[in-house]
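In what follows, a single structure is set out as structure tokens and then discussed.
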Amino acid sequence: MSYRKTLKLICGFAGGSAVLVFAAAAADSHGYFGERRGEAASRWSRFTVLQAAQPAWTPANHTPAPTGHAWDFNWDKRDPSALTNGKKKESVTEDPSSEQDNGKPKATRNILLIRHSQYNLSGTSDKERILTPLGREQAELTGQRLAALGLKYDVLIHSSMTRATETAHIIRKHLPGVELVSCDLLREGAPIEPVPPVTHWKPDAVQYHEDGARIEAAFRRYIHRADPKQKEDSYEIIVCHANVIRYFVCRALQFPPEGWLRMGLNNGSITWLTIRPSGRVALRTLGDAGFMPPDKLTRT
12 MSYRKTLKLI CGFAGGSAVL VFAAAAADSH GYFGERRGEA ASRWSRFTVL QAAQPAWTPA
72 NHTPAPTGHA WDFNWDKRDP SALTNGKKKE SVTEDPSSEQ DNGKPKATRN ILLIRHSQYN
132 LSGTSDKERI LTPLGREQAE LTGQRLAALG LKYDVLIHSS MTRATETAHI IRKHLPGVEL
192 VSCDLLREGA PIEPVPPVTH WKPDAVQYHE DGARIEAAFR RYIHRADPKQ KEDSYEIIVC
252 HANVIRYFVC RALQFPPEGW LRMGLNNGSI TWLTIRPSGR VALRTLGDAG FMPPDKLTRT
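The opening residue of the sequence shown carries number 12 in this note's numbering; numbering runs sequentially from there.
Structural data, given as structure tokens:
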């Protein structure tokens, strides 16, 4: 092989491989690999060097392999095809496909999860943990933001804890006519032991056992696809707590729920989940607080 052809071949390689191939070809042409053993032997030695210098990967190796389980479309146990399985027909003339179509959700549910505003951390009981003056300002800003979105809200549900209740009432001033509902299931708690663990917060096993069951019950009550009877897309506001919201997000996206503590949420922030009729879930925003001035942002 001539020097010019060797150089042209080298140009087809990138990075360190090109340098290695060039050095190998030059050494071979000067006989540094040993005595010449004929043209065939020389060609074979160059081929071996060039082959060894090539990177040991193919384009297919650059695509990460899927991990975990495939998406479960029946995660909320409301998949129409699963609901009709095993049901006995009432009539021999009944059309199964028509029955399934009638039972399919047709609307999209939009769930806006709001973290309560800043509150008095020195309170010894829930009643004493009222919003701070800054917290009330944050709730006003969140209410203004929700009103500015121009959406037709169906309901405003809130945790029964004082800080969430106060936040919800302030927000509602900006959304006149929206129904206000209190729910004990949405109270703050320890949903599941986080992975990796943290040193500054260590609830005991009983708290995880009790709070986890309650928060999971709240998830099943509020986070699911629309009922088949729902004709139009809905927009629901839920004012609750950081731990509850983070757990909801992990569960809804079918991420490991143990990762909930890896996310941080500002006070008064908006997390927006969209649930399609098919059971697909999208996270439109996570902890959005961009509508607040920097000096109003807190995470306590």
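Built from N, CA and C at the ideal position, the CB exists for glycine as well.
Close beta carbons around residue i, own chain, < 8 Å, minus the five adjacent residues each side
{"i": "S171", "result": "S193, C194, D195, L197 and R198"}
{"i": "R287", "result": "T119, R236 and A293"}
{"i": "N113", "result": "P239"}
{"i": "V217", "result": "none"}
{"i": "E190", "result": "D165, V166 and L167"}
{"i": "A93", "result": "N85"}
Which of helix, strand or coil DSSP assigns to residue i
{"i": "W283", "result": "strand"}
{"i": "E243", "result": "coil"}
{"i": "I203", "result": "coil"}
{"i": "R295", "result": "strand"}
{"i": "R89", "result": "coil"}
{"i": "R80", "result": "Reading the sequence as shown, one finds His at residue 80 and not Arg. H80: coil per DSSP, three-state reduction."}
{"i": "Y233", "result": "helix"}
{"i": "I226", "result": "helix"}
{"i": "V250", "result": "strand"}
Terminal residues of the alpha helix (DSSP H) in which residue i lies
{"i": "I256", "result": "A253 to A263"}
{"i": "H180", "result": "T173 to R183"}
{"i": "R147", "result": "P144 to A159"}
Own chain residues within Cβ distance below 6 Å of residue i, not counting five before or after
{"i": "G134", "result": "R140"}
{"i": "L124", "result": "I249, I256 and T282"}
Boundaries of the beta strand (DSSP E) in which residue i is found, first to last residue
{"i": "E367", "result": "Residue 367 is absent from the model: the chain starts at 12 and stops at 311."}
{"i": "L124", "result": "R120 to R126"}
{"i": "L167", "result": "V166 to S170"}
Residues near residue i by beta carbon distance below 7 Å, same chain, minus five either side
{"i": "P214", "result": "A201"}
{"i": "P205", "result": "E269, W271 and L272"}
Q) Is the stretch 136 to 155 in contact with the stretch 165 to 183, if contact means three or more CB pairs nearer than 8 Å? A) yes
(Q) Three Cβ pairs or more, each shorter than 8 Å: is that satisfied between the stretch 81 to 88 and the stretch 202 to 209? (A) no
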